[in-house]
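Below: one structure, written as structure tokens.
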Amino acid sequence: MPKRSERVIDYSVYLNAVDYLGTATATLPEITYLVDTIKGGGIAGEMAAPSPGYTGAMSLALKWRTIESAAASLLAPKVHTLDLRASIQTFDTATSEYREVPFKVTVRARPLGLTLGNLETGAAMDTTNNFSVNYLKVTLDGVQVLEIDKYNYIHKVYEVDYLAATKQNLGL
């Protein structure tokens, strides 16, 4: 029987791979391909045709329980390199044993804004940083499963670069 993923045990946020920023609730980027509707002779109706390697805008949100100095510093209008490192709990159904698997998301992101949140007695503020992401790398259990670098024409899924031919054709 296979191993089953169960939950995120814990995670943290780092700036430039070394500066611990804390723990924030993270809304990770959604990856959607750019699509065009095609229709015409030889097609019975319409189809959504994705452009492999070309993705829509990606965003990241970090929600802090209260205002943090990290949240304020991440508003600086420059590209920030952020690592979100997690430990995922898995269960091996063959051995009936738990195992922790490392999960890491690295982004290069530009700040879009900062929501200071709410002031309420005895409650979280929910201060939130919002970012536009131009680079994303996802590593699971030591294996790079995804890398998207919009400016350098890289779109790798399990090390296969789906923009390699495009780069070659453009002379890049």
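Its first residue numbered 1, the sequence shown is counted upward by one per residue in the UniProt record's numbering.
Glycine included, C-beta positions come from ideal geometry on N, C-alpha and C.
Since we're looking at a predicted model, the values are computed, not measured.
Separation of Leu119 from Pro102, as counted between CA atoms = 35 Å
key: Enclosing beta strand (DSSP E) for Lys78 [first to last residue]   = Looking at the DSSP string, Lys78 is not in any beta strand (DSSP E), and its letter there is neither H nor E.
query = Taking C-beta to C-beta, are Leu34 and Pro50 nearer than 8 Å?
reply = yes
task = Would you grab the beta carbon distance between Ala70 and Gly22 for me? Rounded to a whole angstrom, and I think it's under 8 Å.
result = 6 Å
task = Name the one or two DSSP bridge partners that Lys63 has.
result = Thr25 and Thr128
ask   = By the 10 Å Cβ neighbour count, where 16 or more other Cβ atoms means buried, how is Ala109 classified, buried or exposed?
value = buried
message = Quick check on the burial criterion: 16 or more other C-beta atoms within 10 angstroms. Buried or exposed for Asp83?
response = buried
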